[in-house]
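If you count the sequence shown from 1, position 14 lands on 25 in our numbering, and the numbers rise without skipping.
Inspection log for the structure reproduced underneath, given as structure tokens.
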Amino acid sequence: LKRLPEVLNIENCLIALKAFPIIQDPKEKRKETDIIKVRNFYKKMGFTHIGEDFMVKNANLCEVLKNKRQARRTRTIG
12 LKRLPEVLNI ENCLIALKAF PIIQDPKEKR KETDIIKVRN FYKKMGFTHI GEDFMVKNAN
72 LCEVLKNKRQ ARRTRTIG
């Protein structure tokens, strides 16, 4: 996620993802504890759970974009 803004212009975008643990065997059932861990990981990164396995985040709230904007302000001021 940190590299996403380097590749794409994501200002004023919504980032959506399916947050569930990756498993090796497709027949294997995902453990509820693992699902909760993954959701909590993304919640710490500012994502909001919107149902089932899906989470979203306003890209303008990403630290990388905040840092880019601050750098732009610093260059224009200085």
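Quick reminder that beta carbons are idealized off the backbone N, C-alpha and C, glycines included.
These numbers come from a predicted model, not from an experiment.
Assigned secondary structure, residue i (DSSP; H/G/I helix, E/B strand, else coil)
{"i": "N23", "result": "coil"}
{"i": "F52", "result": "helix"}
{"i": "I61", "result": "strand"}
{"i": "D36", "result": "coil"}
{"i": "R83", "result": "helix"}
{"i": "K42", "result": "coil"}
Own chain residues within Cβ distance below 7 Å of residue i, not counting five before or after
{"i": "I26", "result": "V67, K68, A70"}
{"i": "F31", "result": "R41, I46, V49, D64"}
Residue(s) in a DSSP beta bridge with residue i
{"i": "V67", "result": "A27, T59"}
Alpha-carbon to alpha-carbon, residue j and residue i
{"i": "C24", "j": "I61", "result": "16 Å"}
{"i": "F58", "j": "K42", "result": "21 Å"}
{"i": "P37", "j": "E74", "result": "34 Å"}
Nonlocal neighbours in the same chain, by C-beta distance under 8 Å from residue i, ignoring five residues either side
{"i": "L76", "result": "P16, I21, E22, A70"}
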